[in-house]
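Residue numbers for the sequence shown follow the numbering used here, so the first one is 27 and each next one is one higher. Don't be surprised by glycine CBs; every beta carbon is placed ideally from N, CA and C. Note that the structure is predicted; figures quoted are calculated from it, not measured.
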Amino acid sequence: MQYTGDRVAFSLFGIDVYWYAIIIVTGMVLALYLISREMGRRGMDPDDAYDIGLWILPFGVVGARLWYVIFEWHRYDSFLDVINIRDGGLAIQGGIIAGLIVGLVLARKKGFWFPRLSDIIMPGLALAQGIGRWGNFINNEAHGVPTDLPWGVIIDGVSYHPTFLYESLGDILLFLLLVLYTRKWLRRDGQVTCLYFVGYGILRYFVEGLRTDSLMVGDFRVAQILAILGIVVGLVWFIILSKKPDNASIPGKNPYHHKENESFPSL
């Protein structure tokens, strides 16, 4: 498996538009569409999904960039270098953390029940991650250690573990499992979010162990530390929620609450 094409998809007014950006945006747009559909299924206003996205997505990108820069500070000589994301340098963990913070602030400000909102978002997030990983393939980055397996990705004549592929397939599988759980077994708001952190934590822990470009704190991989934390918190929270009375978020029951005649602020 090898990509030998151009990283640039096309140029617009002299500005190169990269395939990486197109793939990332495609994942985001599809996630927002699915989140909107799920809101409609639960008797909510589907347009709220796009209002939420206008806030969470930009801050998510900023968070992903800041998280990467914090651990790779030595690579940057100026503020312009820090804010230049066209050459890569985004860490999904930072984006998730920023997105959760912004989502929590919006939920508190507008009277949305955050665990339910988070449950609706997480399957779409997993799918967006699965799609976005193919941008790493285009850029020939985020690969693993050398391998002689037949499905290795070839970069500069060397075969490496296609860790982008492992995580992409795992994310898409996680998306399907979260959707199935939402439809079949959801009994308490927050459970889907717990399962996302457990599932993604397990996936990322093992994939990260194969990568050669991990962000490090001493001898420890930052992504693996966060993965373990996510697994533990997700499991504990899920067990606690399972012992509470059912209040499954389904149409006609416990309708999504927001303050009357109030919507998300516009950017």
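Quick one: give me the first and last residue of the alpha helix (DSSP H) that residue i is part of.
i, result
"residue 145", "140-158"
"residue 98", "Looking at the DSSP string, residue 98 is not in any alpha helix (DSSP H), and its letter there is neither H nor E."
For residue i, list the residues DSSP reports as bridge partners.
i, result
"residue 42", "37"
"residue 186", "172, 179"
"residue 237", "170"
"residue 242", "247"
Cα-Cα, which of the options is closest to residue i?
i, options, result
"residue 33", "114, 186, 207", "114"
"residue 161", "39, 31, 41, 47", "47"
"residue 27", "228, 233, 177, 247", "177"
"residue 187", "234, 158, 211", "234"
"residue 163", "214, 35, 45", "45"
"residue 153", "91, 194, 265", "194"
"residue 116", "126, 94, 104, 101", "94"
"residue 74", "149, 143, 182, 253", "143"
"residue 122", "71, 136, 184, 92", "92"
"residue 230", "138, 238, 217, 192", "192"
"residue 85", "149, 100, 118, 62", "118"
"residue 252", "227, 71, 135", "227"
"residue 145", "89, 38, 216, 134", "216"
"residue 159", "136, 190, 108, 53", "190"
"residue 208", "61, 43, 37", "61"
"residue 125", "90, 272, 42, 179", "90"
"residue 268", "247, 254, 212, 255", "212"
"residue 156", "50, 246, 36, 266", "50"
"residue 120", "138, 83, 106", "83"
"residue 214", "249, 134, 264", "264"
"residue 183", "197, 166, 136", "166"
"residue 96", "150, 271, 255, 248", "248"
"residue 88", "111, 98, 206", "111"
Quick check: does the Cβ of residue i come within less than 7 angstroms of any heavy atom belonging to the ligand MG?
i, result
"residue 80", "Inclusion of the ligand MG in the displayed structure is not the case, the ligand content being empty and no account of it being possible."
Note to self: Using a Cβ distance threshold of 8 angstroms, determine whether the segment 67-74 contacts the segment 165-174, with at least three qualifying pairs required.
What the structure shows: The segment 67-74, when compared against the segment 165-174, does not touch it at the 8 angstroms Cβ threshold.
Count the C-beta pairs between the segment 199-216 and the segment 240-255 that are closer than 8 angstroms, then say yes if the count reaches three, no if not.
-> The segment 199-216 vs the segment 240-255: no contact.
Report yes or no: do three or more beta-carbon pairs, one from the segment 51-65 and one from the segment 76-96, lie closer than 8 angstroms? Contact annotation: the segment 51-65 touches the segment 76-96, with at least three C-beta pairs closer than 8 angstroms.
Evaluate the contact criterion for the segment 253-261 versus the segment 214-225: three or more CB pairs, one atom per stretch, below 8 angstroms.
Cβ pair count under 8 angstroms is three or more, so yes.
What are the complete beta strand (DSSP E) segments, minimum 3 residues, inside the segment 71-125? For the segment 71-125, not a single whole beta strand (DSSP E) run of length 3 or above is found.
Please specify which runs of the alpha helix (DSSP H), each continuous and at least 4 residues long, are wholly inside the segment 206-230, giving them in chain order.
When DSSP assignments are scanned along the segment 206-230, no uninterrupted stretch of alpha helix (DSSP H) that is 4 or more residues long falls wholly within it.
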